[in-house]
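Comments concern the structure below.
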Amino acid sequence: MLLNALCFDIDDLTYCLNAKSGAGFSSEYLVEKETYALLAFLDDLGLKATMFVPGYVAEHFPGLVKAINDGGHEVGSHGYEHIVAERLQQKRFHNDVVMSKNRLEDVISREVSTYRSPNWGITARTPWAYDVLIEAGYRVDNTAQPSLLKHLGRSPADMMPFRYKDLLTVIPVTSFEFLNRSVPFNGGLFCAYVPIGFQIRYYARLNKKGIAFNYFCHPYEFNPGGANQQVWKCHSLAATLYGMYFGRYRYYLRRLAARFSFGPLKEAYRSYIEP
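Oh and the sequence shown: position 192 is 217 in this note's numbering, straight run, nothing missing.
Next up, the structure:
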């Protein structure tokens, strides 16, 4: 059975909203509790995954990051501050990805070479970002959406990994053709309101063609805790509307795991990644 990639962005919803608004760190975060619940679920199903962990999580919850690593999951970088590359600009982006890599490696005592940008924030407006990742020591990226593929001279519908300057393996997000356009279709908000039966049929067609897919969600989408269970979330209308489906991914992942084989990103795409 073809191995597909299971990934999680270990973000805290409140922190992400604060980072976007510039409000800074708060004392109330749920990412630790939500992620431990996720780890227990994966352990029950015998699943391993890639966990993209922001540097701020490693700084405040190092025990959580150790638990992820000790559980046999791959630890990848999700930046440090959860701010997109365009907002950081080149110098701050370099500092951000280096700080994140160093912090994670200090915690788990092993190399971290896989990256995913917060909010899929490597775009046609940040053509320098991949060169910065290479300079910082990363070897695998899982950020590229169809619009970025087009900018790089590739078909937006192409889901096959490729080498950037022969130094970085770029694994595009799984996509779907809709109204003659390729759109992301790899979990999270992109699939939140799509019936799971449709998802299973589509991914089965990909696997039948020999194409692995990558699938993700956040801990708060899988097992929302505390205030993330409330209808009114984070004192924000946007967060409330966004979070109407929170908790649905527990069901989705059970259904998908019963049908497909999953593993960490590097294992699913091993043949495309040079040592």
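Note that beta-carbon positions come from the ideal geometry of N, C-alpha and C, so glycine has one too. Computed from a predicted structure; not experimentally measured.
Unbroken alpha helix (DSSP H) run spanning residue i, endpoints
i	result
residue 274	273 to 284
residue 228	221 to 233
residue 60	56 to 70
residue 174	171 to 176
Identity of the residues DSSP links to residue i by a beta bridge
i	result
residue 30	239, 288
residue 134	Its beta-bridge partners do not exist; DSSP assigns none.
residue 194	165, 188
residue 212	241
residue 247	BP columns for residue 247 are empty, so no partner.
residue 201	208
residue 148	Answer is none; residue 148 lacks a bridge partner.
residue 75	32, 99
For residue i, three-class secondary structure by DSSP
i	result
residue 158	helix
residue 47	Because residue 47 carries a pLDDT of 48, less than 50, the predicted location of this residue cannot be relied on, and the following value inherits that uncertainty. It is coil, neither helix nor strand.
residue 294	coil
residue 140	strand
residue 179	coil
residue 40	helix
residue 218	coil
Neighbourhood of residue i by C-beta, 7 Å cutoff - its chain only, sequence neighbours within 5 removed
i	result
residue 292	28
residue 113	121
residue 224	216
residue 130	136, 137
residue 286	26, 27, 28, 29
Element boundaries [beta strand (DSSP E), containing residue i]
i	result
residue 209	206 to 209
Beta-carbon proximity list for residue i, same chain, < 8 Å, skipping 5 on both sides
i	result
residue 245	36, 37, 38, 55, 56, 59, 253, 268, 271
residue 47	Because the pLDDT at residue 47 is just 48, under 50, the model does not fix this residue reliably, and the point stays unresolved.
residue 152	176
residue 90	78, 82, 83, 100, 129, 132, 133
residue 155	147, 166, 189, 190, 193, 195
Residues near residue i in its chain [Cβ-Cβ closer than 6 Å; skip 5 each side]
i	result
residue 302	No answer is possible for residue 302: it lies beyond the span of the chain, which begins at 26 and ends at 300.
residue 210	199, 200, 201
Below-9 Å beta-carbon distance, residue i vs any chain D residue
i	result
residue 98	In the structure shown, chain D cannot be found, because there is only a single protein chain.
Whole runs of the beta strand (DSSP E) within the segment 78 to 122, excluding any shorter than 3 residues: 99 to 102
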